[in-house]
Every structure is written in structure tokens, then in C-alpha cells.
Amino acid sequence: MREFAIQGYQIFQGHQHDRGVITYVEHSLQLFLEDCLSDMAHEEQIWCVIWTKRGSSILIGNIYHIPSSGQQNHEEPNRLIQEACKLGYTAAVIMGDFNILTIDLDTWNEKNRSGLKFHIDITGELPSSRYREANMI
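Just so you know, the sequence shown maps onto residues 289 to 425 in the numbering used here.
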């Protein structure tokens with residue numbers, strides 16, 4: 289991964305070393321990898337926790353969803369997000385390429401897949417975002 293190195297940053301990558309997700313974290317930050325989410329069945333993900341100088345803990349999640357994968361893998365990003373919110377960190381930043389292009393952000397339904405509801409039904413665990421129209425949670 290030397291070709292992706294950025295001076296002053298640590299690189300964390302998922303299971304696929306030739307593709308997938310990479311997370312860069314500045315060397316000066318205290319962090320550890322969050323393994324309990326990484327052990328879940330989803331194909332490509334990485335989770336780490338950054339500790340701030342004030343003692344807050346921020347969970348950073350990076351998920352790649354393969355668009356041609358099976359039905360179970362279509363449901364996995366939703367389950368990962370729900371599990372991440374249950375871990376009790378001060379804050380969470382969850383990002384990635386979900387490859388679900390037809391999400392109706394008003395209903396959280398995916399228009400073209402019957403039965404798949406990509407919902408963030410976490411009842412208050414994730415606050416609403418002013419960036420909702422930009423496909424950010």
C-alpha cells in the first residue's frame with residue numbers, strides 16, 4: 289500500500305488489499321481498531337476509534353458495499369450501522385460507498401429492490417442531518 293501512503297498518516301485497510309476501503313488517520317491521534325464490528329459478515333469494512341484530548345471517543349466506520357452481491361450483503365450495511373450505534377461511543381462517523389443509488393431519502397426505501405428497506409430506524413440514536421439531501425447520514 290505504499291502507493292497510497294500520505295506522509296503523517298497511518299493507513300488502515302479492509303480485507304481486500306488491492307481494492308475496497310482505506311481509512312487515513314493522522315499519526316498524532318490515539319486510536320485502536322474496533323474488531324467486534326469487523327468480525328461481522330460484511331465483505332469490506334474497517335472500524336476504528338479515535339480518542340480526543342477531552343476523553344471523547346469517536347467511532348469511525350468505512351464501508352464498501354459491492355453492488356452485485358447477494359441479498360444478505362444488501363442488508364448487511366444497515367445491520368452494521370445499527371450495531372455501531374449500540375457500542376456506546378461518544379460519536380460516530382460512518383461513511384463509505386453503499387452503491388445503493390435508488391434510495392428514497394424521505395422513506396429510506398430502495399425503489400428498485402422489493403423487500404429491501406435501507407432504513408436508519410434507530411429511534412434517536414442518529415440525529416437528523418442537515419446534509420440529508422446530499423446522501424449523507
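From the three backbone atoms N, C-alpha and C, an ideal C-beta is built for every residue, glycine too.
DSSP-derived helix/strand/coil call for residue i
| i | result |
| --- | --- |
| Asp394 | coil |
| Asn350 | strand |
| Ile369 | helix |
| Leu317 | coil |
| Phe292 | helix |
Pairwise C-alpha distance: residue j and residue i
| i | j | result |
| --- | --- | --- |
| Ser316 | Gln298 | 10 Å |
| Phe300 | Pro365 | 19 Å |
| Ser402 | Leu325 | In this prediction, Ser402 scores a pLDDT of 44, lower than 50, which makes its location untrustworthy; the coordinate-derived value is nonetheless stated afterwards. Looking at the two C-alpha atoms, the distance is approximately 27 Å. |
| Ala372 | Ala380 | 8 Å |
| Trp335 | Asp323 | 7 Å |
| Ile369 | Phe292 | 27 Å |
| Tyr377 | Ser345 | 5 Å |
| Ile351 | Val337 | 15 Å |
| Met383 | Glu332 | 12 Å |
| Arg308 | Trp339 | Residue 308 is actually Gly in this sequence, not Arg. Going from the Cα of Gly308 to the Cα of Trp339 covers about 25 Å. |
| Arg367 | Gly349 | 13 Å |
| Asp394 | His353 | 21 Å |
| Ile310 | Leu321 | 13 Å |
| Glu374 | Asp392 | Glu is not the amino acid found at residue 374; the sequence shown has Lys there. Cα to Cα, Lys374 sits roughly 25 Å from Asp392. |
| Ser356 | Gly343 | 41 Å |
Element boundaries [beta strand (DSSP E), containing residue i]
| i | result |
| --- | --- |
| Glu332 | Glu332 to Trp339 |
| Tyr377 | Unbroken run through Tyr377: none, as it is neither H nor E. |
| Phe300 | Tyr297 to Gln301 |
Residue burial classification, residue i (beta-carbon count within 10 angstroms, cutoff 16)
| i | result |
| --- | --- |
| Tyr312 | exposed |
| Asn387 | exposed |
| Gln295 | exposed |
| Gln318 | exposed |
| Gly314 | Residue identity check: residue 314 is Glu in the sequence provided, not Gly. The residue is exposed, with fewer than 16 neighbouring Cβ atoms inside 10 Å. |
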